[in-house]
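Enquirer: Residue numbering for the sequence shown follows the numbering used here, beginning at 18 and increasing consecutively. Yeah, the Cβ is synthetic: ideal placement off N, Cα and C, and Gly gets one too.
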Amino acid sequence: MDGFDRQRRLLAIGLAGLAGFVDAVGFLSADGYFVSFMSGNTTRLGVDLATRPDRAVVPALLITGFVAGVAGGAIIAARAGPRRKRAVLGLVTLLLVAAASLQEAVLEAAAPGFVPLALLVTAMGALNNTFLRDGTVSVGLTYMTGALVKLGQAIAASLLGQPRGDGAVHAALWGGLASGAVLGALAFAHLAGAALWLASGWAMLMLALAWRLEKGAATGFGT
Numbered sequence: 018m019d020g021f022d023r024q025r026r027l028l029a030i031g032l033a034g035l036a037g038f039v040d041a042v043g044f045l046s047a048d049g050y051f052v053s054f055m056s057g058n059t060t061r062l063g064v065d066l067a068t069r070p071d072r073a074v075v076p077a078l079l080i081t082g083f084v085a086g087v088a089g090g091a092i093i094a095a096r097a098g099p100r101r102k103r104a105v106l107g108l109v110t111l112l113l114v115a116a117a118s119l120q121e122a123v124l125e126a127a128a129p130g131f132v133p134l135a136l137l138v139t140a141m142g143a144l145n146n147t148f149l150r151d152g153t154v155s156v157g158l159t160y161m162t163g164a165l166v167k168l169g170q171a172i173a174a175s176l177l178g179q180p181r182g183d184g185a186v187h188a189a190l191w192g193g194l195a196s197g198a199v200l201g202a203l204a205f206a207h208l209a210g211a212a213l214w215l216a217s218g219w220a221m222l223m224l225a226l227a228w229r230l231e232k233g234a235a236t237g238f239g240t
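#1: Assuming A227 and L28 are in contact, meaning their beta carbons sit under 8 Å apart, how far apart are those beta carbons, in whole angstroms?
#2: May I have a chain-ordered list of the alpha helix (DSSP H) segments no shorter than 4 residues that lie completely inside the stretch 153-203?
#3: Tell me which residues share the same chain as A195 and place their Cβ nearer than 7 Å to its Cβ, disregarding the 5 neighbours each side in the sequence.
#4: Counting C-beta neighbours from all protein chains within 10 Å, is the total for T110 16 or more, i.e. buried, or is it exposed?
#5: Three or more C-beta pairs under 8 Å: does that hold for the stretch 50-59 against the stretch 75-91?
#6: Whole angstroms are fine: how far does the CA of S118 sit from the CA of M221?
#7: Looking at F83: is its Cβ nearer than 8 Å to the Cβ of V138?
#8: Assign R103 to buried or exposed, taking buried as 16 or more other Cβ atoms, counted over all protein chains shown, within 10 Å of its Cβ.
#9: Considering only the beta carbon of each residue, do L35 and Q120 sit closer than 8 Å?
#10: With L168 and A198 assumed to form a contact (beta carbons below 8 Å), what rounded beta-carbon distance in angstroms separates them?
#11: Pull up the distance between the alpha-carbon of A140 and that of A173, whole angstroms please.
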């Protein structure tokens with residue numbers, strides 16, 4: 018985030034907000050499991066293995082789906098070249114639209130929502146390929162531990178009178194995820210399955226911003 022211009026920082030914060038929104042909706046509709054926060058699912062996996070082994074399959078499958086989403090998004094990003102942001106976000110948008118289409122039907126039929134959940138976790142895995150540097154993720158969008166660590170380091174550096182970097186940017190990234198989670202919880206409380214349509218619209222807006230950024234870079238008006 019430190020080397021990003023204003024538009025790319027806004028895109029990153031907006032995508033972190035999208036991740037928080039989707040994770041909150043997934044959490045509330047999936048008995049407390051996460052679709053973007055795999056550290057939480059890993060803890061659930063460990064607890065389930067120790068106390069309820071029959072339930073461990075759920076977090077295990079979610080983690081597997083997330084990894085598959087990351088891998089699929091990485092392949093698409095590599096093949097898309099300079100258009101990787103719009104390619105990755107196009108995939109994320111399609112997955113969210115598919116999940117939204119199925120989620121309402123699942124809730125109406127009171128049926129297990131395995132397929133929508135799988136689509137959500139795959140979308141969140143793929144999302145992390147939006148910002149890459151030398152083929153690796155430069156900004157984690159669905160997990161904020163790194164951002165909070167950098168924020169804490171910036172605070173310590175400031176107290177010590179040392180160069181502190183841009184802690185405010187990392188705080189804003191965390192704030193994006195937290196704000197998105199609040200909005201996702203409110204949307205699910207009032208709209209239930211239809212909340213994912215808001216997430217789909219949000220993803221479309223982010224896709225439009227990414228297209229604009231990459232178009233500007235291609236014509237010499239962006240980087």
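Expert: In short, the structure shows the following:
#1: 6 Å
#2: 162-176
#3: G37
#4: buried
#5: yes
#6: In this structure, the CA atom of M221 is about 15 Å from the CA atom of S118.
#7: yes
#8: Buried is the call here.
#9: no
#10: Going by Cβ atoms, the distance from L168 to A198 rounds to 18 Å, so no, they are not a contact pair.
#11: 35 Å
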